[in-house]
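K.L.:
Protein chains in written order, with this note's numbering: chain A, 1 to 409; chain B, 1001 to 1410. A virtual CB, placed ideally from N, CA and C, is assigned to each residue, including glycine.
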Amino acid sequence: MASRWWRWRRCCSWRPPARSPGPGSPGRAGAVRGARLRADAGAQVSYFNLVKSLTSAFPNMYSISRFQHTTSAACCCSKTRSGEKYTDPFKLGWRDLKGLYEDIRKELLISTTELKEMSEYYFDGKGKAFRPIIVVLMARACNSHHDNSRDVQASQRSIALIAEMIHTASLVHDDVIDDARSRRGKHTVNKIWGEKKAVLAGDLILSAASIALARIGNTTVISILTQVIEDLVRGEFLQLGSKENENERFAHYLEKTFKKTASLIANSCKAVSVLGCPDPVVHEIAYQYGKNVGIAFQLIDDVLDFTSCSDQMGKPTSADLKLGLATGPVLFACQQFPEMNAMIMRRFSLPGDVDRARQYVLQSDGVQQTTYLAQRYCHEAVREISKLRPSPERDALIQLSEIVLTRDK
Amino acid sequence: MSLRQRLFRLPRNLGASGSPRRLWWSPSLDTISLVGSWRGQSSRSPAHWNQVVSEAEKIVGYPTSFMSLRCLLSDELSNIAMQVRKLVGTQHPLLTTARGLVYDSRHNLQLRGLVVLLISKAAGPSSMKASCQNYDMVSGIYSCQRSLAEITELIHTALLVHRGIVNLNELQSSDGPLKDMQFGNKIAILSGDFLLANACNGLALLQNTKVVELLASALMDLVQGVYHENSTSAKENYITDDIGISTWKEQTFLSHGALLAKSCQAAMELAKHGAEVQDMAFQYGKHMAMSHKINSDLQPFIKEKTSDSTTFHLNSAPVVLHQEFLGRDLWIKQIGEAQEKGRLDYAKAWLHSTGCRDSRGYSQPAGAVGSRRYEHAHCLRTYFFSTKLRLGNFTGDLNFVACQIYILWN
């Protein structure tokens, strides 16, 4: 926990310089673009150029990111912002999540031993529970914004369970699709029980999540979370194809990132806000926060695929390249090394492609630029959530968006 | 009353003249006898089948294209179609499933939806609540019930596609390159998930949490049922599980009955019918689907030539009943004897060996045992059939067509 705090303090320092670019408020541009991901491809093109020009105009900016290992004395202390002392957001969130995994296992009412074992395999309490934490913190932040009642409603806590279940169901299917061998430091379901059964386990978790969702008894909430399931599938489809044009490619990548990762966080944040507060403005704040944090989370995930070693991640690294996927760092690196274009188009399928691409990425500033982009999204998330009335949970969400940037696993 | 007792009692009831039956299901009796006589004729001919289906389609208003245009025209589906094309020439089972979707759609796949529509029309609007009169109704069926029928098809098809995933570590060299199989799995998962996502979307649009819960639990049942089916068919050539007919019924309900039962119930819920009608609809859907399964289990035993290579599952209804009848030990012994005679001719040998031991002393061994097993399962089916007909509020016409569909489907 101490180290988290430390990392948080370290990363705070990006904020003052990040505000200085001023013109056009790029953070806002990013948010607007994100909201129109599907409809408006034109904005995406200019956004990519904007990011490029920003990063080149402020070359020092990313040196203050997680890659700077010196102490930042100029840390701005947001400690005083809400007048309350920060605690670890994970610790704060866990207060409402005690027995999370037991409760999820209770939802998986299955009589067959093996099927039950498979479905419960990832609910072993060893995951980060990043999504449930955000969801309960958002619930409390919205509740206290609305009428100062900070307790989490039972239905809101159910959303935390459901979010984790939908996430896990998609992991199980993704691992079959990618033929992955390990996750969270253990073998994947498909490697232990085979693909046939793994797919059923995924379907089963999804059906259990849908039952729990229906039992909340709110049709709006059902529609909101159904959107997630659709986005997850569409995201997976986007991942199948690749685009020739580099601007299109970047937009494609961000859209995929939104659908595969951010949609779940954004929509479950929205769902708890709907349950806790009737004001549509608050629903939009919750959605925007979740969306921006979600995209930042995935961008950092893509960076870690290059910078982290496999022991830390619990899964092999360079995994994306091996799957033929060009993520943020690769797309940025491709700006500096156009010879990567051919590799991207053939999905790193020739022998040596993966290693060469990795070298190119590490030589380029692709990693830094992706991290910088993630910072922009986090900045936007903080800007959104700050519109809510102060509460320890709101501040924990601010802090959480910064932890997203500094995490190393 | 145990099932066996019921089985032995039923033939007497049913075999006798019409009078005892009349007390049971008086309004529908004419239909039964009609249907009975149809059975004797060439009721299984495809032409007749199509005639009945189109009659049913006329009743429900318009043809059964449940996979909605919205779904068919989407980018994702054309993407799937493109990817599936790459699989041509490989051994992946997704190809067979996809072929079935195209060529067999009028036979098996959309029938669940058709049943949901038929029961929706049969039940009609609820007299209790006026509110649902605002719903738009075409040919006596609410549009939400039509969506439900489509969702039922989507869920069924999704699981059909997910059933066809192959285990990569069990591949034989005859299955072709590993890469093809990996790719096939990938597309199968994605397309199944795509269909499920569409189903979820459709469910959310119905704006009824009880219906969402019903269909979600039907999905859960179905997944568990498919799991059981997979695990028993994996050891197909080995030996039967020691399950009685009650376990068989539970598992078959999960794999075959739950979806139709719960969809029929949900259709009533959408029309705001009360618990009693909902329960009747549930029973109707359940027994319809169970009868279908029993009948297909019976096929290898009632075909003329048992020497055909028609394989049967050792966990099919007649076998399970037979095992229960003989007792486990004797059964295992018989199987052992049959297996000694070689696996290829397994079915025939098995029938023969059990046939010889038949105490009734029928002259044709296979036929003898076959007929007794047939009798058992036939009773079981009749039992389901009778429960189904106790549905009170079917109009004569509809019931007629529903029964025809039932008989033909089975």
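1. In or out: A:Arg131 buried (at least 16 other Cβ within 10 Å) or exposed?
2. Answer with buried or exposed for B:Leu1178, where buried requires no fewer than 16 other C-beta atoms within 10 angstroms of its C-beta.
3. For the alpha helix (DSSP H) containing B:Val1166, list its first residue and its last residue.
4. Can you name the residues of chain A whose CB is closer than 7 Å to the CB of B:Glu1213?
5. I want to verify the contact list: residues of chain A whose CB lies under 7 Å from the CB of B:Ile1165, in sequence order.
6. Closest by CA to A:His187, which one among A:Ala141, A:Met118, A:Lys106, A:Val367?
7. Assuming A:Phe250 contacts A:Leu331 under a Cβ cut-off of 8 Å, what Cβ separation, rounded to an integer in Å, is found between them?
8. Pull up the CB-CB distance for A:Glu384 and A:Asn292, whole angstroms please, since I reckon it's below 8 Å.
9. Spatial neighbours of A:Asp320 within its chain, please: C-beta separation below 7 Å, excluding the five flanking residues on both sides.
10. Are the beta-carbon atoms belonging to B:Val1166 and A:Lys196 less than 8 Å from one another?
11. Identify the contact partners of B:Cys1264 in chain A, using a Cβ-Cβ distance below 9 Å as the criterion.
12. Verify the CB distance criterion: does B:Ala1122 have a CB-CB separation below 8 Å to chain A?
13. List the endpoints of the continuous alpha helix (DSSP H) containing A:Pro278.
14. Closer than 7 Å, Cβ to Cβ, to anything on chain A: give me those residues from the stretch 1203-1233 of chain B, in chain order.
15. Roughly how many whole angstroms lie between the Cα atoms of B:Leu1117 and B:Arg1146?
16. Using only alpha-carbon positions, find the residue among A:Lys387, A:Ile295, A:Gln153 that is nearest to A:Gln375.
17. Drop a sphere of 10 angstroms on the beta-carbon of A:Pro392, count the other beta-carbons inside from all chains shown, and report buried for 16 or more, exposed for fewer.
18. What separation, rounded to the nearest whole angstrom, lies between the Cα atoms of A:Gly30 and B:Leu1206?
19. Would you say B:Ile1243 and B:Leu1321 are within 8 Å of each other, going by their C-beta atoms?
20. Near A:Ala357, which residues of its chain fall below 7 Å by C-beta distance, leaving aside the five closest residues on each side in sequence?
21. Is the shortest distance between the beta-carbon of B:His1292 and the beta-carbons of chain A less than 8 Å?
22. Applying the criterion that 16 or more other CB atoms from any shown protein chain within 10 Å of the CB defines a buried residue, is A:Lys191 buried or exposed?
23. Mind pulling the chain B residues with CB within less than 7 Å of A:Ser223?
24. Where B:Ala1218 and B:Val1115 are concerned, what is the direct C-alpha to C-alpha distance, given to the nearest angstrom?
25. Which two residues bound the contiguous alpha helix (DSSP H) that contains A:Arg394?
26. Buried or exposed for A:Pro26, going by 16 or more other Cβ atoms inside 10 Å?
27. What do you get for A:Ser144, buried or exposed, if any count of 16 or more other CB atoms within 10 angstroms of its CB means buried?
28. Buried or exposed for A:Gln359, please, with buried defined as at least 16 other CB atoms from any protein chain shown within 10 angstroms of its CB.
29. Counting only the same chain and skipping the five closest in sequence on each side, list residues whose C-beta sits under 8 Å from that of A:Lys116.
30. Pick from B:Glu1150, B:Val1138, B:Asp1136, B:Gln1323: whose alpha carbon is nearest that of B:Ala1266?
31. So which of B:Gly1257, B:Ala1188, B:Gln1323 has the shortest CA-CA distance to B:Lys1293?
32. Residues of chain A with a CB under 7 Å from the CB of B:Ile1189: which are they?
33. Can you find a CB in chain A that lies within less than 8 Å of the CB of B:Lys1186?
34. CB-CB under 6 Å to A:Gln239, same chain, minus the five flanking residues each way: which ones, in chain order?
35. Inspect the beta-carbon positions of B:Leu1222 and B:Gly1164 and report whether they are closer than 8 Å.
36. List the residues of chain A whose Cβ lies closer than 9 Å to the Cβ of B:Leu1160, in chain order.
P.N.:
Straight from the coordinates:
1. Within the first sequence, the letter at position 131 stands for residue 131 of chain A. Buried is the call here.
2. Along the second sequence, read from residue 1 onward, the residue named residue 1178 of chain B stands at position 178. So B:Leu1178 ends up on the exposed side.
3. Reading the second sequence from its first residue, position 166 is the one you call residue 1166 of chain B. First-last for B:Val1166: undefined, no H or E at that position.
4. Along the second sequence, one-based indexing puts residue 1213 of chain B at 213. Ile211, Ala214, Arg215, listed in chain order.
5. Residue mapping note: residue 1165 of chain B aligns to position 165 of the second sequence, counting from 1. Those are Glu195, Lys196, Val199, listed as they occur along chain A.
6. Taking the first sequence and counting its residues from 1, one reaches residue 187 of chain A at position 187. The candidate whose alpha carbon is nearest that of A:His187 is A:Met118.
7. By one-based count along the first sequence, residue 250 of chain A stands at place 250. By one-based count along the first sequence, residue 331 of chain A stands at place 331. With 8 Å as the limit, A:Phe250 and A:Leu331 qualify as a contact, their Cβ atoms being about 6 Å apart.
8. Indexing the first sequence from 1 puts residue 384 of chain A at position 384. Indexing the first sequence from 1 puts residue 292 of chain A at position 292. Confirmed, about 7 Å.
9. Position 320 of the first sequence, counted from the start, is the residue given in the question as residue 320 of chain A. Taken in chain order, the residues that qualify are Asp302, Asp305, Thr327.
10. Here residue 1166 of chain B is taken as the residue at index 166 of the second sequence, counted from 1. Here residue 196 of chain A is taken as the residue at index 196 of the first sequence, counted from 1. Yes. Within cutoff.
11. Position 264 of the second sequence, counting from 1, holds the residue named residue 1264 of chain B. Residues of chain A passing the Cβ test: none, with the nearest at roughly 18 Å.
12. Here residue 1122 of chain B corresponds to residue number 122 of the second sequence, with the count starting at 1. Chain A contact via Cβ: absent.
13. Stepping through the first sequence from its first residue, residue 278 of chain A is reached at position 278. No alpha helix (DSSP H) holds A:Pro278; DSSP gives it neither H nor E.
14. Ala1204, Gln1207, Thr1209, Val1212, Glu1213, Ala1216, Ser1217, Leu1219, Met1220, Val1223, Gln1224, Val1226, Tyr1227, Asn1230
15. As a first step, residue 1117 of chain B is located in the second sequence; it is residue number 117 there, counting from the start. As a first step, residue 1146 of chain B is located in the second sequence; it is residue number 146 there, counting from the start. Computed Cα separation, rounded: 7 Å.
16. Numbered from 1 along the first sequence, position 375 holds the residue referred to as residue 375 of chain A. Of the listed residues, the one whose Cα sits closest to A:Gln375 is A:Ile295.
17. Looking up residue 392 of chain A in the first sequence gives position 392. So A:Pro392 ends up on the buried side.
18. Position 30 of the first sequence, counted from the start, is the residue given in the question as residue 30 of chain A. Position 206 of the second sequence, counted from the start, is the residue given in the question as residue 1206 of chain B. With a pLDDT of 41 at A:Gly30, under the threshold of 50, the modelled position of this residue cannot be trusted, and the question is left open.
19. Taking the first residue of the second sequence as position 1, residue 1243 of chain B is located at position 243. Taking the first residue of the second sequence as position 1, residue 1321 of chain B is located at position 321. Their beta carbons are not under 8 Å apart, which means B:Ile1243 does not touch B:Leu1321 by this criterion.
20. Mapped onto the first sequence, residue 357 of chain A falls at position 357. Taken in chain order, the residues that qualify are Leu321, Val330, Met340, Met343, Phe348.
21. As a position in the second sequence, residue 1292 of chain B is number 292, starting the count at 1. So, not an interface residue.
22. Along the first sequence, one-based indexing puts residue 191 of chain A at 191. When all chains shown are included, A:Lys191 counts as buried.
23. The residue labelled residue 223 of chain A in the question sits at position 223 within the first sequence. Residues of chain B passing the Cβ test: Ala1204.
24. Position 218 of the second sequence holds residue 1218 of chain B. Position 115 of the second sequence holds residue 1115 of chain B. Taking the straight line from one Cα to the other gives about 16 Å.
25. Along the first sequence, read from residue 1 onward, the residue named residue 394 of chain A stands at position 394. Per DSSP, A:Arg394 belongs to the alpha helix (DSSP H) from 392-406.
26. On the first sequence, position 26 is the one that residue 26 of chain A refers to. In this prediction, A:Pro26 has a pLDDT of 39, which is less than 50 and means its spatial position is unreliable; what the coordinates show is noted afterwards. Counting Cβ neighbours within 10 Å, A:Pro26 comes out buried, since at least 16 surround it.
27. As a first step, residue 144 of chain A must be located in the first sequence, where it is residue number 144. By the 10 Å Cβ count, A:Ser144 comes out buried.
28. In the first sequence, the residue the question calls residue 359 of chain A occupies position 359. Exposed, by the Cβ-count rule.
29. Within the first sequence, residue 116 of chain A is the residue found at index 116, counting from 1. Here the set comprises Leu108, Ile110.
30. The count along the second sequence starts at 1 and reaches residue 1266 of chain B at position 266. Of the candidates B:Glu1150, B:Val1138, B:Asp1136, B:Gln1323, the one whose C-alpha sits nearest the C-alpha of B:Ala1266 is B:Glu1150.
31. Translated into positions along the second sequence, residue 1293 of chain B becomes position 293. Ranking B:Gly1257, B:Ala1188, B:Gln1323 by Cα distance to B:Lys1293 puts B:Gly1257 first.
32. As a first step, residue 1189 of chain B must be located in the second sequence, where it is residue number 189. Result: His173, Val176, Ile177, Val199.
33. Walking along the second sequence from the start, residue 1186 of chain B turns up at place 186. Yes, B:Lys1186 lies at the interface with chain A (some Cβ there is under 8 Å from its Cβ).
34. Position 239 of the first sequence, counted from the start, is the residue given in the question as residue 239 of chain A. These residues qualify, in order along the chain: Lys256.
35. Within the second sequence, the letter at position 222 stands for residue 1222 of chain B. Within the second sequence, the letter at position 164 stands for residue 1164 of chain B. Contact: no.
36. Counted from its first residue, the second sequence places residue 1160 of chain B at position 160. In chain order: nothing, as chain A lies at least about 12 Å away.
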